[in-house]
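Written out below as structure tokens is the structure these notes cover.
In the numbering used here, the protein residues as written are 1010 to 1187.
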């Protein structure tokens, strides 16, 4: 699990655990962060993070932007079908900024760890890796219903976008050889 010469990693994790246990964060947030830190103890997780983290961070940005643009188009097209004029005002741009912020936070805090988990699990199933990864991405999107029932439909849409962009960028990185 951990090599004898990896004292820096062990010290960093112990320090992070100590900070997490002494902060005033909600228990649920602390538990999730502690589980994430435990993941760093496993070499497979560290290799996946080193190899895929920047690509997956780009995917999280792409997903948040695509979701926001999709909502913009949705709200832009609906008035045109109802023969009402579309109004671009400050409130609408504030609404889009809030949507972008929430989708970005959701993609980074929830989607990124899920995608890393999906990558580490699906890599073991090379014949049906895409299906396993897609099931995990969408499954966690559906599971958002139990965490935040008001956001489960946007969570499913974002998980579909995240999975799609993840597969596109994965194929491009394999073709390029990085």
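Quick reminder that beta carbons are idealized off the backbone N, C-alpha and C, glycines included.
Model, not experiment: these values are computed from the prediction.
Non-local beta-carbon contacts of residue 1164 in its own chain, meaning distances under 6 Å to residues more than five positions away in sequence, involve 1150, 1153 in chain order. Secondary structure in the region 1044-1123: the alpha helix (DSSP H) runs of 4 residues or longer, each lying completely within the stretch, are 1052-1090, 1099-1115 in chain order. Residue environment analysis places residue 1099 among the exposed positions, since fewer than 16 neighbouring C-beta atoms fall within 10 angstroms of its C-beta. If you draw a straight line from the Cα of residue 1112 to the Cα of residue 1142, it is about 21 Å long. For residue 1048, the CB contacts under 7 Å within the same chain, skipping 5 residues up- and downstream, are 1054 in chain order. Taking a 10 Å sphere around the C-beta of residue 1065, we find 16 or more other C-beta atoms and assign the residue as buried. For residue 1145, the enclosing alpha helix (DSSP H) starts and ends at 1138-1156. In this structure the region 1126-1141 does not lie against the region 1079-1089, because fewer than three pairs of beta carbons, one per stretch, are closer than 8 Å.
In the displayed model, residue 1017 falls within a helix according to three-state DSSP. In this structure residue 1169 does not touch residue 1145 by the C-beta definition: roughly 12 Å separates them, more than the 8 Å allowed. DSSP places residue 1033 outside both helix and strand once states are collapsed to three, so it counts as coil. In the assembly as shown, residue 1083 is an exposed residue. Its beta-carbon has fewer than 16 other beta-carbons within 10 Å.
Between residue 1171 and residue 1021 the beta-carbon gap is near 28 Å, outside 8 Å, which marks them as no contact. Setting aside the 5 residues that flank it on each side, residue 1131 is surrounded in the same chain by 1138, 1141, 1142, each with a C-beta closer than 6 Å to its C-beta; the list follows chain order. In the structure shown, residue 1181 falls within a helical segment according to DSSP collapsed to helix, strand and coil. Assigned with DSSP and collapsed to three states, residue 1132 falls in coil, not helix or strand. A check of alpha carbon separations from residue 1120 across 1025, 1166, 1178 identifies 1166 as the nearest.
By the C-beta density criterion, residue 1077 is buried, having at least 16 other C-beta atoms within 10 angstroms.
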